[in-house]
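Residue numbers (our numbering), protein chains in the order written: chain A, 4 to 463; chain B, 6 to 434.
Comments concern the structure below.
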C-alpha cells in the first residue's frame with residue numbers, strides 16, 4: 004500500500020514537473036514580451052508550436068554524422084531522467100534512493116554534452132563558437148554545483164538530496180553562500196548552444212530546454228528551501244505540498260529574473276569563490292557573523308572603488324561600494340542603516356535600469372545623474388542617511404576604522420561624481436511618460452528615505 | 006621446444022586469448038570468493054624464495070589489467086608491425102601480471118621497474134602501460150603503508166592537473182595519458198581516505214578507459230597521419246563504428262553516467278564528504294576534475310569526429326580494421342558491465358535513460374531525415390578545390406579551449422609569459 008502510494012506520488016510529481024515546464028516557459032515568455040513592449044502570445048502558443056514542429060519534415064545538414072539524430076534524444080533522456088529522480092512536491096518518493104546530488108549533476112552534464120555535440124555537428128563557424136562558450140560555462144557550473152553541494156553534503160553526512168534539504172545543514176553560514184553560488188552558476192546550465200536542427204528534433208530540444216529550467220529550479224528548492232514538502236506515504240498531505248511547491252517555483256523564477264536585471268555583469272565569476280566560502284564555512288570554528296560581515300563588506304567596498312577607478316560601468320561599481328557599506332553596517336550592529344542602504348541600492352538600480360533600457364527617452368540623463376548621485380551616498384537621497392549611520396557606528400567601534408571607511412567612501416563618491424559627464428543628448432528624444440514617471444517615482448522614494456529615514460525604522 | 010613452435014605460441018592473437026582467459030579466471034575467482042592460491046619459486050630473490058599469491062582483492066586489480074592487456078595485444082595486430090615491439094608488449098603483460106601477484110616488496114619492485122623500463126622503451130606498449138603503471142603503483146600503495154593525508158593531497162593535485170591537461174591538450178595520446186593520471190589521482194585520494202574498494206574501482210575504470218583512448222589515438226594516427234585535434238574533424242562519417250567506440254571511451258572518461266568513470270567518481274565522493282578538511286580538499290579536486298574532464302571529452306569528440314574535416318587525410322579516413330574494433334569493443338563492453346555491476350544507481354539510471362530514449366524515439370521521430378545544404382554561417386562560398394568548405398571557417402581545438410588557454414587577467418598573463426620564456430630558455434639549452 005505504502006509502496007503504491009510512493010509510486011503514484013512519483014508519477015504525479017513527474018506530471019507536475021512537465022506541467023510546470025510549460026507554465027514556467029509561458030511565464031518567462033510573458034515577462035520577456037512585456038519587457039520588449041509587445042503583446043504576449045497566449046500560453047497555448049508553446050504547445051501549438053511544438054505540435055507543428057513535430058509534424059514537420061526532418062532535415063540534416065550535409066556534413067552531419069550518423070550520430071546526428073541521437074543527440075536530441077540523448078539530451079531529452081538525460082534531462083528527463085534528472086526530472087525522474089528529483090524529489091519534487093513530496094519526499095519519500097519511490098525514486099528516493101536515486102535522488103543523489105552527483106547523479107543529478109552527472110545527468111545535467113550528460114544532457115549538456117549532447118547539446119554541445121549537436122551544435123558541433125554541422126561544422127558551422129558561429130555555431131562552434133557558441134558550443135565552446137556553452138561548454139565552458141557548463142564546466143564552471145558543474146564545478147560550482149559539486150563544490151557547493153559538497154559543502155552541504157559534508158554537514159549532512161550524506162549525498163542524498165532529501166537528507167541534505169531536511170537537515171538544513173550547517174546553519175545559514177553554509178547554506179546562504181552555497182545556495183547563492185548554485186543559483187548564480189545555474190545560468191551555465193541554461194545556455195542553449197544554437198543547433199542546426201529542424202522539425203521534430205528541434206521540438207525535442209525545445210521541450211528539453213523547458214524541462215531543464217524546471218529541473219534546475221526544483222533542485223535548488225529541494226536543497227535550499229525544502230519546507231512544506233508533502234510526504235509521499237501520506238496521501239492527504241499531497242495537495243498542500245503540491246500547491247506550496249508550485250508557489251515556490253514561481254517565486255524563485257520571478258526572483259531569479261529580477262536578480263538577473265539588477266545584478267552586475269560578470270556576477271557569474273562570483274560563483275566559484277562563493278562555493279569555496281561555503282565549503283570553508285563548514286570547517287570554520289569560532290565563527291562570528293559580525294566579523295565575517297565586516298570582512299566581506301570591506302572586500303566589497305574596496306572592490307567597488309577599484310572598479311570605479313578602472314572605469315567600469317559606474318552604477319554597478321558604486322552598488323558594490325554601497326553594498327559593502329551595508330554589510331559593514333550589519334556587522335557593526337547598525338542593521339537599520341544596512342537595510343536603508345540596500346533598499347536605496349535596489350531603488351537606484353531599478354531607476355537606472357529603466358533609464359538604460361529607454362536610451363532615447365526624454366529626461367533620461369536627469370534620471371541617470373540622480374541615480375549616480377544617490378549611489379555616491381550624497382544627500383538628499385536615502386543612501387546618505389544609511390552611510391552616515393554606518394560611519395557613526397564605525398567611529399564608535401574604532402577611530403582608525405572609521406577614518407579609513409570615511410576616506411574610501413569619499414574616494415568612491417569623488418570618482419563617481421567625476422564620471423557625471425553630460426554626454427550627448429539623444430537627437431530625437433521620445434516622450435516615454437510612463438517610464439519617466441516610474442523612474443522619477445523611484446528616485447522620489449529615495450529622496451523620501453533620505454529626508455525621513457525614520458520611515459523604515461530610523462537610521463541610528 | 007623448437008624455435009618455430011615458440012614463435013607460433015608468441016603470436017599476438019594467442020597471447021590476447023591467454024590474457025582474456027586470465028581476466029575471466031580472475032572474475033570467476035572474485036565471484037566465487039575462492040580461497041587464496043599461493044605459489045613460490047625457491048632460490049630466487051633477496052630472501053631466498055619468491056612468492057606469488059592471488060586473493061579476491063588482487064584479482065580485482067588484475068582482471069581489468071589483463072582485459073586491457075588482451076585489448077592492447079589485439080590492437081597491436083593492426084598498429085604495431087615490428088616483431089620486437091610485439092614481443093615487448095607480450096613481455097610487458099607478463100611482467101605486469103607478475104608484479105601484481107608478487108608477495109614481497111623486493112619482487113614487486115623488481116617486476117615493476119622491469120615493466121616501467123619496457124613501457125618506456127616500447128612505443129606499442131603505451132596503451133597497456135596506461136593501465137599497468139597505475140595498477141602497480143596503487144597496488145603497491147594498498148599493500149604497504151597506511152592511509153595518509155599526504156596521499157590525498159598528491160592525488161588531488163594529480164587529478165586537477167590531469168583535468169587541466171586534458172581540457173587544453175591538442176594531442177589525443179596526451180588526452181589518454183591525462184585520463185590515466187586523473188584516475189590514478191582519484192585512486193590515491195580514495196586510498197588516502199581509507200577506502201580501498203573505491204581505489205580498486207578507480208583502477209578498474211582506468212584500465213578499461215585509458216587503453217581504449219590510447220588505442221583510438223594510435224588508430225587515428227594510422228588512419229589520418231596526425232593525432233592533433235586541429236587537423237581532424239568529421240571522422241564519424243568515414244569511421245562510424247570507430248567513432249561510436251571512441252564516444253564510449255570518452256563518455257567513460259568524462260565521467261558521465263552510466264559509465265565506469267562515474268561509478269568510480271561516486272565511490273570516491275562518498276568517503277570525501279565524511280567531514281574532515283582533507284576530505285573537503287579532495288571533494289574540491291573531484292569537482293574540478295569532473296567538470297574539466299567533461300569539457301575535455303566533449304571537445305575531443307566534437308572536434309575529431311563531428312563537423313567538417315580539417316585536412317584531406319581526415320576526409321579520406323576509413324574505418325578501423327577488425328582487430329582494433331574488436332579490442333575497443335572488449336574494453337567498452339567490459340567497462341559498461343563493470344559500471345552496471347558496481348553501482349546500483351548506474352544500473353537504474355541506465356534503465357531510465359534507455360526507457361525515455363525509446364519513448365521519445367517511438368513518439369517524436371517518425372520519418373527519416375532529408376539531406377539539406379547547410380547554412381554557411383555568412384562566409385563566402387568556398388572554391389571548388391575545397392570540397393568540404395574552408396577549414397578555417399570552423400572552430401579549432403585551440404579556440405574551443407580558449408577560456409582555459411588564455412590568462413584570466415593582465416598580471417597572470419605576465420606571469421604566464423615569464424614562465425613560457427623560462428621554458429624556452431631551458432629548451433634552448
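By construction, the Cβ of each residue, glycine as well, lies at the ideal position given by its N, Cα and C atoms.
Beta-bridge annotation (DSSP): residue 56 of chain B is paired with B:45.
Listed as beta-bridge partners of residue 376 of chain B by DSSP are A:63.
Against chain A, the beta carbon of residue 353 of chain B has neighbours under 7 Å at 101, listed in chain order. According to the DSSP assignment, residue 211 of chain A belongs to the alpha helix (DSSP H) that extends over 203 to 227.
With a threshold of 16 other beta carbon atoms within 10 Å, residue 160 of chain A falls short and is exposed. Interface criterion met: the Cβ of residue 279 of chain B is under 9 Å from a Cβ in chain A.
Boundaries cannot be given for residue 4 of chain A, as no alpha helix (DSSP H) includes it and DSSP labels it neither H nor E. In chain order, 92, 93, 232, 233 place their CB closer than 6 Å to the CB of residue 244 of chain A, counting only its own chain and leaving out the 5 sequence neighbours on each side. Within chain A, 128 have C-beta atoms less than 7 Å from the C-beta of residue 398 of chain B, given in sequence order.
Here DSSP, grouped into helix, strand and coil, assigns residue 163 of chain A to strand.
Residue 335 of chain A is positioned such that its CB atom lies closer than 9 Å to that of residue 393 of chain A. In the DSSP assignment, the residues bridged to residue 103 of chain A are A:163.
Within the region 24 to 55 of chain A, not one residue has a Cβ closer than 9 Å to any Cβ of chain B. Contact between residue 239 of chain B and residue 192 of chain A fails: their C-beta atoms lie close to 29 Å from each other, not under 8 Å. Counting the other CB atoms within 10 Å of its CB gives residue 251 of chain A a total of 16 or more, which places it among the buried residues. When C-beta distances to chain A are compared with 7 Å, the residues of the region 338 to 368 of chain B below that value are 350, 353, 354, 357, 358, 361, 362, 365, 366, in chain order. Nearest C-alpha to residue 175 of chain B among B:237, B:376, B:166: B:237. The Cβ atoms of residue 179 of chain A and residue 155 of chain A lie no closer than 9 Å to each other. Between the region 43 to 55 of chain B and the region 298 to 317 of chain B, the count of Cβ pairs shorter than 8 Å is below three; the stretches do not touch. Secondary structure of residue 233 of chain B (DSSP, three-state): strand. Taking a 10 Å sphere around the C-beta of residue 95 of chain A, we find 16 or more other C-beta atoms and assign the residue as buried.
For residue 111 of chain B, the enclosing alpha helix (DSSP H) begins and ends at 110 to 126. For residue 132 of chain A, the nearest beta carbon of chain B is closer than 9 Å to its own beta carbon. With its beta carbon less than 9 Å from one in chain B, residue 81 of chain A belongs to the interface. In chain A, no part has a C-beta under 8 Å from the C-beta of residue 222 of chain B; the shortest such distance is about 19 Å. Comparing C-alpha distances from residue 155 of chain B to each of B:167, B:185, B:197 shows the shortest one belongs to B:197.
Contact between the region 16 to 34 of chain B and the region 61 to 70 of chain B is established, with three or more Cβ pairs separated by less than 8 Å. Between residue 214 of chain A and residue 391 of chain A, the gap from beta carbon to beta carbon reaches 9 Å or more. Under a criterion of Cβ atoms nearer than 9 Å, the residues of chain A adjacent to residue 370 of chain B are, in order, 61, 72, 75, 76, 203, 204, 207. Between residue 407 of chain B and chain A, the shortest Cβ-Cβ separation is below 9 Å. In the structure shown, the three-state DSSP call for residue 416 of chain A is helix. Within the same chain, and ignoring the five residues on either side of residue 270 of chain A in sequence, the residues whose Cβ sits closer than 7 Å to its Cβ are 187. Residue 387 of chain A: member of the alpha helix (DSSP H) spanning 385 to 400, first to last residue. Three or more Cβ pairs closer than 8 Å define a contact, and the region 203 to 210 of chain B meets that threshold against the region 260 to 273 of chain B. Between the alpha carbons of residue 263 of chain A and residue 402 of chain A lies a distance of about 38 Å. Its Cα nearest to that of residue 163 of chain B, the residue B:190 stands out among B:139, B:190, B:392, B:171.
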